[in-house]
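Each number in the working numbering comes from the position in the sequence shown (counting from 1) with 54 added on.
Take a look at the structure below.
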Amino acid sequence: MEILSFELTPFITNCYVVRDGGEALVIDPGEVTPKLLQALEGYTVKTIVNTHCHCDHCGGNAELLKITGAELVCHPDELPLLRALPQQGMMFGVQYGPSPDPDRFIKEGDTVSVGNVTFGVREAPGHSPGHILLVGDGFVISGDVLFAGSIGRTDLPGGSFPQLINSIKTQLFTLPDDTVVYNGHGPETTIGVERRTNPFLVGA
């Protein structure tokens, strides 16, 4: 298994490609770039996952779906945000076209697979209403819930600070300390480091 990271969009958003057994899973394609497409060459892309549907995480959906023929999945509570993708971009002065609707929804307890790798889906609202985590063996792809030394913003529509803190405590801090956190912006970290040093979470 390989996990590749690409910094995309003016928001410097991390898009992840997980490759295993000739298949590739794309997580949060904020846009489509030549380097991203190069990483997918020779692999069958069956699924594109939006951890949540803010524009910087799903702005490349339409183009990548057209190129790969993959299915698109997200949490049902993210659908209003996904359908407002162009309007979201206008808020930040960035132009985005519309995204297709998801082919199916994923919720707590579901799984997403690529090759021989299976991710468990956990719900972690707070940054957005239907934000999800993808939990693998020894790592988690956390979107904009938890960052190295910070947490997701909660001042956007549908955000809730108490809900976000609860999601981190119940869905992330229940994972082992050595779990690697691949997040939506910035460098990777671990659950243990954030539990001990994150200024938003120490003593929470």
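Cβ atoms here follow ideal geometry from the backbone N, Cα and C, with glycine treated the same way.
Of the residues 65, 229, 210 and 201, the one placed nearest residue 113, counting alpha carbons only: 65
Simplified DSSP state of residue 256, which is helix, strand or coil: coil
Reduced DSSP secondary structure (H/G/I, E/B, other) of residue 93: helix
Residues that DSSP places opposite residue 176 in a beta bridge: 187
The beta strand (DSSP E) enclosing residue 61, as first and last residue numbers: 56-62
Reduced DSSP secondary structure (H/G/I, E/B, other) of residue 86: coil
Inter-residue spacing [alpha-carbon to alpha-carbon] between residue 168 and residue 78: 6 Å
Paired residues, beta bridge with residue 195 - DSSP: 188 and 236
Cβ shell of residue 81 (< 6 Å), same chain only, five flanking positions each side left out: 70, 103 and 195
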